[in-house]
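Participant:
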């Protein structure tokens with residue numbers, strides 16, 4: 001299972017393979033059933049999750065009780081409430097398995113030990129989070145740049161497999177649409 | 001000058017002071033005049049900038065020729081097009097000094113050398129970018145959660161010094177308002 005993570009690490013930096021072989025004990029392998037929660041808003045966030053297989057959505061509860069999806073994570077992505085994870089504070093987001101999802105997670109305590117034992121992992125997380133931050137900046141640019149309909153077309157073009165995979169009501173939530181509006185755009189797009 | 005950066009590093013992690021004393025040669029100190037560009041969209045991005053004193057805005061050029069501000073950075077923030085910096089690709093954003101701005105910048109080449117000489121700096125950048133990414137996720141939440149007027153009030157409450165400091169037309173751009181609409185909201189807010 002850990003090989004998935006090692007493959008991902010090797011995309012970002014070169015860490016001595018012997019050290020990478022010592023990674024496994026710091027991580028826990030877990031399978032979440034479809035719709036099971038990985039993290040609940042308002043609770044402490046002790047883990048960060050590396051998605052080995054599957055898909056999760058990151059959401060918060062609107063005042064009207066509706067779940068607002070702000071992001072997804074699929075294979076090779078990390079998901080957590082990273083502020084709550086880093087500070088030991090209460091999570092502002094929930095995370096739920098969109099489908100059966102297999103993860104490797106690490107707790108904040110285990111991460112401290114990991115970074116002592118294999119400080120080279122800081123390089124991986126540095127480059128990973130620098131890229132994630134940059135991607136979030138690009139997403140902000142898209143939100144300024146595109147109308148809602150253009151946003152749909154942008155995601156369809158750039159992430160077609162992803163668009164097929166995610167249930168329509170979650171995609172609509174993510175794009176800030178009503179499900180009805182999304183359905184209209186899809187029909188227009190297909191015709 | 002480097003003490004500002006060292007103070008910031010010490011907020012995130014503890015690196016041996018002797019090692020931190022070896023930081024300076026990797027950085028260049030530079031002062032940008034008000035309105036001077038630090039980075040130009042469409043050009044290569046070789047540097048990342050630590051703001052010692054001042055304020056910059058990060059923007060892109062809309063198809064209609066208008067500059068759309070997507071973010072600001074003030075003292076103790078890092079600014080760059082981090083994707084372009086990491087990949088050596090072309091910048092999707094420009095960065096301009098909102099006021100006279102003093103920076104310490106590091107080039108991608110110097111950063112490679114720095115991380116070889118002081119690999120502990122990866123820990124700083126890991127925790128820094130994890131936090132930046134988390135802050136970007138929270139900002140996305142605000143964009144879903146708040147109306148434009150609520151967004152203005154949110155920023156006024158949480159970043160009052162910042163709101164005073166930034167010219168109105170840039171703030172309007174950042175909030176996605178016309179300057180006229182911002183002026184109306186301010187009047188309502190003050191009355």
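Chains as they are written, first to last, in full-length UniProt numbering: chain A, 1 to 191; chain B, 1 to 191. We put the beta carbon where it would ideally sit given N, CA and C, even for glycine.
Around the C-beta of residue 161(B), are 16 or more other C-beta atoms found within 10 angstroms, so that it is buried, or is it exposed?
Facilitator: Locating residue 161(B) in the second chain gives position 161, counting from the first residue. Label assigned to residue 161(B): exposed.
Participant: If contact means a Cβ-Cβ distance below 9 Å, which residues of the stretch 94-127 of chain B contact chain A?
Facilitator: Here the close residues are 115, 119, 120, 121, 122, 123, 124, 125, 126, 127.
Participant: Starting from the N-terminal side, write out each stretch of the alpha helix (DSSP H) that is 4 residues or longer and does not extend beyond the stretch 73-106 of chain B.
Facilitator: 82-87, all fully within the stretch 73-106 of chain B.
Participant: Exposed or buried, residue 81(B), counting other C-beta atoms within 10 Å across all chains shown (16 or more means buried)?
Facilitator: Working through the second chain from its first residue, we reach residue 81(B) at position 81. It is buried - the Cβ of residue 81(B) has at least 16 other Cβ atoms within 10 Å.
Participant: Is it true that the CB of residue 141(A) sits closer than 8 Å to the CB of residue 92(B)?
Facilitator: Locating residue 92(B) in the second chain gives position 92, counting from the first residue. Locating residue 141(A) in the first chain gives position 141, counting from the first residue. Yes, the Cβ-Cβ distance between residue 92(B) and residue 141(A) is below 8 Å.
Participant: Just the C-alpha distance for residue 108(B) and residue 154(B), rounded to the nearest angstrom, thanks.
Facilitator: The residue given as residue 108(B) occupies position 108 in the second chain. The residue given as residue 154(B) occupies position 154 in the second chain. C-alpha separation (whole angstroms): 36 Å.
Participant: Buried or exposed: where does residue 66(A) fall if 16 or more other Cβ atoms within 10 Å of its Cβ makes it buried?
Facilitator: One-based indexing of the first chain puts residue 66(A) at position 66. Classification of residue 66(A): exposed, given that the 10 Å Cβ count is below 16.
Participant: Which residue wins for smallest C-alpha separation from residue 60(B), given the options 149(B), 101(B), 143(B), 170(B)?
Facilitator: As a working mapping, residue 60(B) is identified with position 60 in the second chain. Per the Cα distances, 170(B).
Participant: Would you call residue 96(B) buried or exposed, if buried means 16 or more other Cβ atoms sit within 10 Å of its Cβ?
Facilitator: Walking along the second chain from the start, residue 96(B) turns up at place 96. Answer is buried; the Cβ neighbour count reaches 16.
Participant: Can you tell me whether residue 137(A) is buried or exposed? The criterion is at least 16 other CB atoms within 10 Å of its CB, across all chains shown.
Facilitator: As a first step, residue 137(A) is located in the first chain; it is residue number 137 there, counting from the start. Buried.
Participant: Enumerate in chain order the residues of its own chain whose CB-to-CB distance from residue 42(A) is below 8 Å, with the five nearest sequence positions on each side excluded.
Facilitator: By one-based count along the first chain, residue 42(A) stands at place 42. Around residue 42(A): 90, 91.
Participant: Roughly how many angstroms lie between the CA atoms of residue 74(A) and residue 116(B), to the nearest whole one?
Facilitator: Counting from one through the first chain, the residue named residue 74(A) turns up at place 74. Counting from one through the second chain, the residue named residue 116(B) turns up at place 116. Their Cα atoms are separated by approximately 32 Å.
Participant: Buried or exposed for residue 121(A), going by 16 or more other Cβ atoms inside 10 Å?
Facilitator: On the first chain, position 121 is the one that residue 121(A) refers to. It is buried - the Cβ of residue 121(A) has at least 16 other Cβ atoms within 10 Å.
Participant: Could you confirm whether any beta carbon from chain A is found closer than 8 Å to the beta carbon of residue 182(B)?
Facilitator: Residue mapping note: residue 182(B) aligns to position 182 of the second chain, counting from 1. Not one chain A Cβ lies under 8 Å of residue 182(B).
Participant: Does DSSP put residue 46(A) in a helix, a strand or coil?
Facilitator: Within the first chain, residue 46(A) is the residue found at index 46, counting from 1. In the structure shown, residue 46(A) sits in coil (DSSP, three-state: anything other than H, G, I, E or B).
Participant: Going by C-alpha distance, which of 133(A), 157(A), 36(A) is nearest residue 103(A)?
Facilitator: Walking along the first chain from the start, residue 103(A) turns up at place 103. The shortest Cα separation from residue 103(A) among 133(A), 157(A), 36(A) belongs to 36(A).
Participant: Run through chain B and tell me which residues come within less than 8 Å of residue 192(A), C-beta to C-beta.
Facilitator: Residue 192(A) cannot be examined here, being either before or after the span of chain A that is shown, 1 to 191.
Participant: So what does DSSP say about residue 57(B), is it helix, strand or coil?
Facilitator: What you label residue 57(B) is simply residue 57 of the second chain in a count that begins at 1. Residue 57(B) falls in the strand class under three-state DSSP.
Participant: Starting from residue 28(B), follow its DSSP beta bridges and name the residues at the other end.
Facilitator: The residue given as residue 28(B) occupies position 28 in the second chain. According to DSSP, which records beta bridges pairwise, residue 28(B) is partnered with 105(B).
Participant: Relative to the alpha-carbon of residue 44(B), which residue among 83(B), 15(B), 77(B) has its alpha-carbon at the smallest distance?
Facilitator: The residue you call residue 44(B) lines up with position 44 of the second chain. It is 83(B).
Participant: Might you give, ordered along the chain, the residues of its own chain that have their beta carbon closer than 6 Å to the beta carbon of residue 124(A), omitting 5 neighbours on each side?
Facilitator: Start at 1 with the first residue of the first chain, and residue 124(A) comes out as number 124. Here the set comprises 9, 12, 13.
Participant: Among 39(B), 157(B), 30(B), 71(B), which residue has its Cα nearest to the Cα of residue 53(B)?
Facilitator: Here residue 53(B) refers to the residue found at position 53 of the second chain. Checked all of 39(B), 157(B), 30(B), 71(B); the closest Cα to residue 53(B) is 30(B).
Participant: To the nearest angstrom, how far is it from the Cα of residue 71(B) to the Cα of residue 135(B)?
Facilitator: Against the second chain, residue 71(B) aligns to sequence position 71. Against the second chain, residue 135(B) aligns to sequence position 135. Whole-angstrom Cα-Cα distance: 12 Å.
Participant: Show which residues of chain B have a CB atom less than 8 Å away from the CB atom of residue 86(A).
Facilitator: Translated into positions along the first chain, residue 86(A) becomes position 86. Ordered by position in chain B, the residues that pass the 8 Å Cβ test against residue 86(A) are 127, 130, 131, 134.
Participant: Taking CB distances under 8 Å as the criterion, tell me whether residue 42(B) reaches chain A.
Facilitator: Here residue 42(B) refers to the residue found at position 42 when the second chain is read from its first residue. For residue 42(B), the answer is no, since every Cβ of chain A falls outside 8 Å of its Cβ.
Participant: Examine chain A for any beta-carbon lying closer than 8 Å to the beta-carbon of residue 155(B), and answer yes or no.
Facilitator: Sequence index remark: in the second chain, residue 155(B) carries index 155 (1-based). By this cut-off, residue 155(B) is not an interface position.
Participant: Please report the distance separating the alpha-carbon of residue 32(A) from that of residue 51(A).
Facilitator: Within the first chain, the letter at position 32 stands for residue 32(A). Within the first chain, the letter at position 51 stands for residue 51(A). Taking the straight line joining both Cα atoms gives about 11 Å.
Participant: Starting from the Cα of residue 176(B), find the closest Cα among 189(B), 157(B), 152(B) and give me that residue.
Facilitator: The residue given as residue 176(B) occupies position 176 in the second chain. Here the closest residue by C-alpha is 152(B).
Participant: Leaving aside the five residues before and after residue 146(A) along the sequence, list all residues of the same chain whose C-beta is less than 7 Å from its C-beta, in chain order.
Facilitator: Here residue 146(A) corresponds to residue number 146 of the first chain, with the count starting at 1. So the list reads 154, once near-sequence residues are dropped.
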